[in-house]
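Note sheet for the following structure.
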Amino acid sequence: MDGKEIELKLAVPPEALGSLKRHPAVKDHQQGKPAAKRLRSVYYDTPDMTLSKAGITARLRVSGDSRVQTVKTSGSRTSGLFSRNEWEAPVNGDGLDGAGLRATGLAPLQDEAVINALAPVFSTEIHRHIHRLGGTDWQVELALDQGEIVAGAKREAVCEVELELVQGPPSRLFALARQMTESVPARLLTLSKSDRGYDLAAGREAAPVKSKPVALEVDTTIADAFRLIARNCLHHLLANEPSLTAHGHGEAVHQMRVALRRLRSALKVFRPVVEGDELARIKAEIKWLLAVLSPARDTEVFLSEIITPVTEHHPGDAELRALHDYWEARRSHDLTAAQAAVTERRFTGLLLDLGAWVEAGDWCSDPALAESRHLDDPVAPFARKILDKQARRMGKAACKKLSKLAPAHLHEVRILGKQLRYGGEFFSPLYGKQAKDFLSALAGLQDVLGEINDIAMAGPRLESSHHASEQASRMVAQWHEARRPHLLAEADKAWKELRKEKRFWRG
Numbered sequence: 005m006d007g008k009e010i011e012l013k014l015a016v017p018p019e020a021l022g023s024l025k026r027h028p029a030v031k032d033h034q035q036g037k038p039a040a041k042r043l044r045s046v047y048y049d050t051p052d053m054t055l056s057k058a059g060i061t062a063r064l065r066v067s068g069d070s071r072v073q074t075v076k077t078s079g080s081r082t083s084g085l086f087s088r089n090e091w092e093a094p095v096n097g098d099g100l101d102g103a104g105l106r107a108t109g110l111a112p113l114q115d116e117a118v119i120n121a122l123a124p125v126f127s128t129e130i131h132r133h134i135h136r137l138g139g140t141d142w143q144v145e146l147a148l149d150q151g152e153i154v155a156g157a158k159r160e161a162v163c164e165v166e167l168e169l170v171q172g173p174p175s176r177l178f179a180l181a182r183q184m185t186e187s188v189p190a191r192l193l194t195l196s197k198s199d200r201g202y203d204l205a206a207g208r209e210a211a212p213v214k215s216k217p218v219a220l221e222v223d224t225t226i227a228d229a230f231r232l233i234a235r236n237c238l239h240h241l242l243a244n245e246p247s248l249t250a251h252g253h254g255e256a257v258h259q260m261r262v263a264l265r266r267l268r269s270a271l272k273v274f275r276p277v278v279e280g281d282e283l284a285r286i287k288a289e290i291k292w293l294l295a296v297l298s299p300a301r302d303t304e305v306f307l308s309e310i311i312t313p314v315t316e317h318h319p320g321d322a323e324l325r326a327l328h329d330y331w332e333a334r335r336s337h338d339l340t341a342a343q344a345a346v347t348e349r350r351f352t353g354l355l356l357d358l359g360a361w362v363e364a365g366d367w368c369s370d371p372a373l374a375e376s377r378h379l380d381d382p383v384a385p386f387a388r389k390i391l392d393k394q395a396r397r398m399g400k401a402a403c404k405k406l407s408k409l410a411p412a413h414l415h416e417v418r419i420l421g422k423q424l425r426y427g428g429e430f431f432s433p434l435y436g437k438q439a440k441d442f443l444s445a446l447a448g449l450q451d452v453l454g455e456i457n458d459i460a461m462a463g464p465r466l467e468s469s470h471h472a473s474e475q476a477s478r479m480v481a482q483w484h485e486a487r488r489p490h491l492l493a494e495a496d497k498a499w500k501e502l503r504k505e506k507r508f509w510r511g
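All letters in the sequence shown, in the order written, are residues 5 to 511 by my numbering.
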């Protein structure tokens, strides 16, 4: 049997499983009696992980006397939802069935050498409680899973909730998850058990993740373009949460903040078509999360780009070391606050609300409103209009030589350039290689303007740390102030190069 599964996964503490079984979201929609299963699943791959590299998982699941072979593709992970193709078939014996693997039609599984090389990589042992939930036009399978992933001598605990859509709109998954998480602590998961198993087997820890290009095409509608872009931003945000919470990676904070800024930029770009009562609440929650993440990133940049270069140039200076230690303590404090914020229920609620709104919010649920906003029109003309507007605004704020601008005006150019860069990156798949040179030149300008801005922002921070060492603060300020003329000259050069580039959206 082949098909597509759409599911949402939540990590929960073990003590919450009992509460979930009795939760109103479960009791009020229960259909039939719950069932309990013990599942043992063995995941197979070649020694060089051919299937994993192709985004394919192959497993044999044993439950009682039942043996089921399942093949899945990685599919898409958007707005917190997993959407994957899968092929299931009963098998006899304790290994995979080659004919069933070939029947999927997936390219790697047409190679006999690959099939013959498949061997167990890791396994899962899961106690699963299944509840069928439903209403007049929807049905969802709720699975409460507890157990572990085993890869050789390594083990990792599993305690999670899976909401799989059987019938109805995906928005039902968000609604159920939102109801559950109002009283039960939970985190939205981006990794499947197979993802975690491969990571465990390879000894990989959660690492920061950069954004990926948005899969726009020339015939993509305005509504679908917004969804694709917003989903991309949301996945970028969510994919970095494990690296922050588990390991405290400062780069993860940076990537989460970039994801939020990209999302905020997307909301601005598409404001004419997504305005509605729900948008104000969504924007307020994004503002909250940016406010709790930004101090950690700002302090890390200040420490690494402003303080550290000077302390490394004067390694024996005790006052500089004291200043460095003061800001290192601040960085640690701000990072801890950021980690705490993304473990709050408010963070999970924001992700679920965002996902639900992107998929089926008030901006697209009213057919008359959708028609008046031309949501089904192709996005390419819309993109050209937006990019023209962004480029015009940046050009108007600038002048021939950026070095002549007052700091406040230079900062405005930087912000407008960032908006143009995000917009250009969102829509660049519509234009192919034409966009590459322009966006590369714009990124170069942004880098230089970012350094100039870091120096401007350093002044108040150094003033605030005079108590640590006034002399060291003054030394750092003078060091970086001496860099400004060179950086301004670099900005002039980068701006000149950008103005030479063809505006790719004009054809």
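For every residue, glycine included, the Cβ atom is placed at its ideal position computed from N, Cα and C. As the structure is a prediction and not an experimental result, all values here were calculated from the model.
Straight through space, the alpha carbons of L339 and A486 are spaced by roughly 30 Å. Cβ atoms of R261 and L294 come within 8 Å of each other, at about 7 Å. Comparing alpha carbon positions, the residue from G254, V218 and S198 closest to A211 is G254. Between D496 and L414, the CB-CB gap reaches or exceeds 8 Å. A206 has its alpha-carbon roughly 45 Å from the corresponding atom of V277. In this chain, the alpha helix (DSSP H) harbouring H328 covers A322 to A345. H378 places its beta carbon 8 Å or farther from that of I130.
Distance between E455 and R349, taken at the CA atoms: about 36 Å.
Taking the CA atoms as reference points, K57 sits about 12 Å from D199. Here V417 carries a helix assignment [DSSP, helix/strand/coil]. Pairwise C-beta distances place the region 444-452 out of contact with the region 282-299, as fewer than three of them are shorter than 8 Å.
Across the structure, G99 and A123 are spaced so that their CA atoms are roughly 9 Å apart.
For Y48, the pairing in a beta bridge is given by DSSP as A62 and P124.
Taking a 10 Å sphere around the C-beta of D380, we find fewer than 16 other C-beta atoms and assign the residue as exposed. Within its own chain, the residues whose Cβ lies closer than 6 Å to the Cβ of F386, once the five positions on either side in sequence are excluded, are I226, listed in chain order.
DSSP places S269 inside the alpha helix (DSSP H), whose first and last residues are G254 to V273.
A straight line joining the alpha-carbon of F178 with that of T194 spans about 15 Å. Excluding the 5 residues flanking it on each side, L110 has same chain C-beta neighbours closer than 8 Å at A58, I60, V75 and T77, in chain order. In the displayed model, R88 falls within a strand according to three-state DSSP. A374 is not a Cβ neighbour of P411, given a cutoff of 8 Å. Going by DSSP, A288 is part of the alpha helix (DSSP H) stretching over D281 to V305. Nearest to E279 by alpha-carbon distance, out of K31, R397, S432 and S369, is S369.
Here the alpha carbons of P38 and H133 stand approximately 7 Å from one another. Along the length of the region 175-203, whole alpha helix (DSSP H) runs at least 4 residues long occupy 175-185, reported in chain order. Comparing alpha carbon positions, the residue from E323, H328, P319 and D321 closest to E309 is H328. The three-state secondary structure of E348, taken from DSSP, is coil. Counting of Cβ neighbours within 10 angstroms places R334 among the buried residues, the total reaching 16 or more. A distance of 8 Å or more separates the beta carbons of I286 and W367. In this structure A439 does not touch L502 by the C-beta definition: roughly 13 Å separates them, more than the 8 Å allowed. K214 carries a coil assignment under DSSP once its states are collapsed to helix, strand and coil.
For A20, there is no enclosing beta strand (DSSP E), as DSSP gives it neither H nor E.
Look at V95 here: in three-state DSSP terms it is coil, with no helix or strand label.
D149 sits in a strand when the DSSP states are folded into three classes.
The residue from G359, V314, F351 and E304 with its alpha-carbon nearest to that of S336 is E304.
Rounded to the nearest angstrom, the Cβ distance from A263 to L241 is 4 Å, consistent with a contact under 8 Å. For the 8 Å CB-CB criterion, N244 and V218 do not form a contact.
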